[in-house]
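*Asks:* Here the sequence shown is numbered in this note's numbering, starting from 10 and rising by one per residue. Ideal Cβ placement from N, Cα and C applies to all residues, glycine included. None of these values were measured; they are calculated from a predicted model. Attaching a single structure in structure tokens format; questions to follow.
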Amino acid sequence: MADFNDSEASMSPKSTGEALSSFKHGLMLPGAILNNSSVLNDEECGLATMLCEQHQAHLMDGWPMPGTDDDKKHAFFKQVQTLHDTYPAQGGLATYIERAKDLLTASQEGSNPLSGWKPSVPEGQRLELGSEHYDALEKEGLDQVKHCGFVLVAGGLGERLGYGDIKLRLPSESCTMTTYLQLYIGQILHLQARYGDGRKFPLAIMVSDDTRDRTQEMLEQGGWFGMEEGQITLMKQEKVAAIQDSTAALALDPDDPFTILTKPHGHGDVHALMHSSGTAKRWKDTGCKWAVFMQDTNGLALHTLAPVLGVSKSMELEVNSMAVPRKAKQAVGGIAKLTHDDGRQMTLNVEYNQLDPLLREGDGAGDVNEPNTGFSAYPGNINQLVFALDPYSKVLEETRGMLDEFVNPKYADANKMAFKKPTRLECMMQSWRELNLSVVVMNLRCIGGW
Numbered sequence: 010m011a012d013f014n015d016s017e018a019s020m021s022p023k024s025t026g027e028a029l030s031s032f033k034h035g036l037m038l039p040g041a042i043l044n045n046s047s048v049l050n051d052e053e054c055g056l057a058t059m060l061c062e063q064h065q066a067h068l069m070d071g072w073p074m075p076g077t078d079d080d081k082k083h084a085f086f087k088q089v090q091t092l093h094d095t096y097p098a099q100g101g102l103a104t105y106i107e108r109a110k111d112l113l114t115a116s117q118e119g120s121n122p123l124s125g126w127k128p129s130v131p132e133g134q135r136l137e138l139g140s141e142h143y144d145a146l147e148k149e150g151l152d153q154v155k156h157c158g159f160v161l162v163a164g165g166l167g168e169r170l171g172y173g174d175i176k177l178r179l180p181s182e183s184c185t186m187t188t189y190l191q192l193y194i195g196q197i198l199h200l201q202a203r204y205g206d207g208r209k210f211p212l213a214i215m216v217s218d219d220t221r222d223r224t225q226e227m228l229e230q231g232g233w234f235g236m237e238e239g240q241i242t243l244m245k246q247e248k249v250a251a252i253q254d255s256t257a258a259l260a261l262d263p264d265d266p267f268t269i270l271t272k273p274h275g276h277g278d279v280h281a282l283m284h285s286s287g288t289a290k291r292w293k294d295t296g297c298k299w300a301v302f303m304q305d306t307n308g309l310a311l312h313t314l315a316p317v318l319g320v321s322k323s324m325e326l327e328v329n330s331m332a333v334p335r336k337a338k339q340a341v342g343g344i345a346k347l348t349h350d351d352g353r354q355m356t357l358n359v360e361y362n363q364l365d366p367l368l369r370e371g372d373g374a375g376d377v378n379e380p381n382t383g384f385s386a387y388p389g390n391i392n393q394l395v396f397a398l399d400p401y402s403k404v405l406e407e408t409r410g411m412l413d414e415f416v417n418p419k420y421a422d423a424n425k426m427a428f429k430k431p432t433r434l435e436c437m438m439q440s441w442r443e444l445n446l447s448v449v450v451m452n453l454r455c456i457g458g459w
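Following this line, the structure appears as structure tokens:
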């Protein structure tokens, strides 16, 4: 099993020279750093300078004189370096802080990120299970199954489900109590045995600090559930710095003044990990043509793989998103085609709390059910994606897998300055489609509920 689990391999690392090339030591550093300059090396002084240039000197306020907690000071800068190296955008931690400032300013002002965009029904195909059209696409797609690699996003725990362990350990049903991890691997092995033509199907699993050890333990105890160890790659997602207020001031851990509080960055990190771990390139070099993305508790995810591939192959799609029927105003993101006033177009998931207001700005009716189907014209997103690996790999090289981010602060006052609790920037795996729109061609298929 390949295991990319340290900061050097988890995201796109930047050398110390690259990291600090734009920072000079001539900035007037706060007294706490000047007082400790004798115990800090050049790299640490450079990181301190970067933090001060980004108005983060408060992180080092109150540090004691040399000889006291020196190990903790070095550990602090080691964490800063990790936060810098593991953020996939050029510029590392400084870029993260700058983006946070911009997004928090927009949030304070109440700016709508979709301002200037008009929604319309997305183009695509509607497949009905058992129809001749479905069967024809399934037959065409079965020939593509042997070219697939599978990506499982599994960085979270089951706390929201009232379950304290990793979600992959949840039972997929109550008769045999087969876990989701065992179910997914079993399904992939079945496809491999029947359609693989001797090829071993690779599986990449995105894990986190919360789930990595338990996922690896589960695999080892289960004997990899029938897979060969080398078929599975674990890619560890790192966290990002937490933000304490609308000035984008980073937050310290309340239990440790030498540690920056961190939070998950969102499941969108899977694309950066596919790049930084070399997984996408390795798959492409070994003949893989399709990367199939799925989340950790969707037991039906692979049941419709063949017709999905049939659509992608027949229409030469670069990205294909599976969707399901969705009731109007249902608390599920809807996929929509957006056209900007300047002529730009993109097809992507729009969160349900944004979709209805956006539609009301247009025709005034909002998100309503169609009389002939009883469902909204904007089907529900389930984060089941198929990427053509060749264009996907090229875009990863250009972007490092960096996605558009958002911030969702919970304000503590009407001035929108203080937060009830620290927040962070987040990204979602489906937001990848907003990048390189000249490359990505979306097609939508809506599988009937069953």
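On the CB-based measure, 16 or more other CB atoms within 10 Å of its CB, does Gln354 come out buried or exposed?
*Replies:* Burial call: exposed.
*Asks:* Counting only the same chain and skipping the five closest in sequence on each side, list residues whose C-beta sits under 7 Å from that of Glu237.
*Replies:* Only Lys209 meet the Cβ criterion.
*Asks:* Does Gln304 pass the burial test, meaning 16 or more other C-beta atoms within 10 Å, or should it be called exposed?
*Replies:* The residue is buried, with at least 16 neighbouring Cβ atoms inside 10 Å.
*Asks:* Say whether the stretch 122-135 touches the stretch 339-351, bearing in mind that this needs 3 or more beta-carbon pairs closer than 8 Å, one atom from each stretch.
*Replies:* The stretch 122-135 vs the stretch 339-351: in contact.
*Asks:* For my contact list, Thr271 and Ala250 are in at a C-beta cut-off of 8 Å; report their separation, rounded to the angstrom.
*Replies:* 6 Å between Cβ atoms; contact.
*Asks:* In three-state terms, what does DSSP make of Gly76?
*Replies:* Of the three classes helix, strand and coil, the one that applies to Gly76 here is coil, per DSSP.
*Asks:* Our contact map puts Ile175 next to Thr220 with C-beta atoms below 8 Å; I'd like the distance itself, whole angstroms only.
*Replies:* Ile175 to Thr220, Cβ: 5 Å. Contact.
*Asks:* Alpha carbons only, please: which of Cys157, Asp78 and Gln253 is nearest the one belonging to Lys425?
*Replies:* It is Gln253.
*Asks:* Among Leu368, Pro316 and Ala345, which has the Cα closest to the Cα of Glu141?
*Replies:* For Glu141, the nearest C-alpha among the options comes from Pro316.
*Asks:* Return the Cβ separation of Glu149 and Ser330 in integer angstroms, given the expectation that the two are a contact with Cβ distance under 8 Å.
*Replies:* Contact flag wrong, Cβ pair sits at about 19 Å.
*Asks:* Please say whether Leu405 and Tyr105 have beta carbons closer to each other than 8 Å?
*Replies:* Their beta carbons are not under 8 Å apart, which means Tyr105 does not touch Leu405 by this criterion.
*Asks:* In this structure, does DSSP put Lys338 in helix, strand or coil?
*Replies:* Of the three classes helix, strand and coil, the one that applies to Lys338 here is coil, per DSSP.
*Asks:* Report yes if the CB atom of Gly389 is closer than 8 Å to the CB atom of Val333, and no otherwise.
*Replies:* Contact: yes.
*Asks:* By DSSP, does Asp94 sit in helix, in strand, or in coil?
*Replies:* Helix, per DSSP.
*Asks:* Taking one C-beta from the stretch 51-60 and one from the stretch 81-97 each time, how about it: are there three or more such pairs within less than 8 Å?
*Replies:* Because the criterion of three Cβ pairs below 8 Å is met, the stretch 51-60 and the stretch 81-97 touch.
*Asks:* Mind checking Ser47: buried by the 16 CB within 10 Å criterion, or exposed?
*Replies:* That one is exposed.
*Asks:* Are Ala281 and Met411 closer than 8 Å when you measure CB to CB?
*Replies:* Yes, these two residues count as a Cβ contact at 8 Å.
*Asks:* How many angstroms separate the CA atom of Leu177 from the CA atom of Glu379?
*Replies:* Using only the alpha carbons, I get a separation of about 37 Å.
*Asks:* Expressed to the nearest angstrom, what Euclidean distance is found between the alpha-carbon atoms of Lys338 and Gly133?
*Replies:* Answer to the nearest angstrom: the Cα atoms are 21 Å apart.
*Asks:* Thinking C-alpha only, which one of Asp218, Leu314, Asn358 and Arg335 is nearest Leu138?
*Replies:* The residue with the shortest Cα to Cα distance from Leu138 is Leu314.
*Asks:* Using the Cα positions of Leu318 and Val154, report the straight-line distance between them to the nearest angstrom.
*Replies:* The straight-line gap from Cα to Cα measures roughly 8 Å.
*Asks:* Restricting to Cα atoms, I'd like to know which of Asp70, Leu56 and Val130 is closest to Val377.
*Replies:* Minimum Cα distance to Val377 is reached at Val130.
*Asks:* Identify every run of the beta strand (DSSP E) within the stretch 221-270, keeping only runs that are complete inside it and at least 3 residues long; order them along the chain.
*Replies:* You should have 241-246, 252-254 and 265-269.
*Asks:* Taking 8 Å as the cut-off, decide whether the C-beta atoms of Met215 and Met186 are in contact.
*Replies:* Taking 8 Å as the Cβ cut-off, Met215 and Met186 do not qualify as a contacting pair.
*Asks:* For the stretch 304-350, list the alpha helix (DSSP H) runs that are entirely contained and at least 4 residues long, ordered along the chain.
*Replies:* You should have 314-324.
*Asks:* In chain order, what residues of the same chain lie with their CB nearer than 6 Å to the CB of Gln246, ignoring the 5 residues before and after it?
*Replies:* Only Gly164, Met215, Ser217 and Asp278 meet the Cβ criterion.
*Asks:* Bridge partners for Met469 per DSSP, in chain order?
*Replies:* For residue 469 there is no data in the structure shown, the boundaries of the chain being 10 and 459.
*Asks:* According to DSSP, simplified to helix, strand and coil, what is Cys297?
*Replies:* Cys297: coil per DSSP, three-state reduction.
*Asks:* Inspect the beta-carbon positions of Leu398 and Lys293 and report whether they are closer than 8 Å.
*Replies:* Cβ distance < 8 Å, so Leu398 and Lys293 count as in contact.
*Asks:* Cys61 and Pro39 - do their beta-carbons sit closer together than 8 Å?
*Replies:* Yes, Cβ-Cβ distance for Pro39 and Cys61 is below 8 Å.
*Asks:* DSSP three-state call for Ala386: helix, strand or coil?
*Replies:* If DSSP states are grouped into helix, strand and coil, Ala386 belongs with coil.
*Asks:* Among the residues of its own chain, which have a CB less than 8 Å from the CB of Lys419, if the five just before and after it don't count?
*Replies:* Result list for Lys419: Phe428, Lys429, Lys430 and Thr432, in chain order.
*Asks:* Could you name the residues of the same chain whose beta carbon sits closer than 7 Å to that of Thr224, not counting the 5 residues immediately before and after it, in chain order?
*Replies:* Only Ala163, Ile175, Leu177, Ile214, Val216 and Leu243 meet the Cβ criterion.
*Asks:* Apply the 10 Å Cβ neighbour rule to Lys336 and answer buried if 16 or more other Cβ atoms are within range, or exposed otherwise.
*Replies:* With fewer than 16 other Cβ atoms within 10 Å, it is exposed.
*Asks:* Should Tyr172 be labelled buried (16 or more other beta-carbon atoms within 10 Å of its own) or exposed?
*Replies:* So Tyr172 counts as exposed.
*Asks:* On the DSSP letters alone, give me the boundaries of the alpha helix (DSSP H) that Ala57 sits inside.
*Replies:* Asp51 to Glu62 is the extent of the alpha helix (DSSP H) around Ala57.
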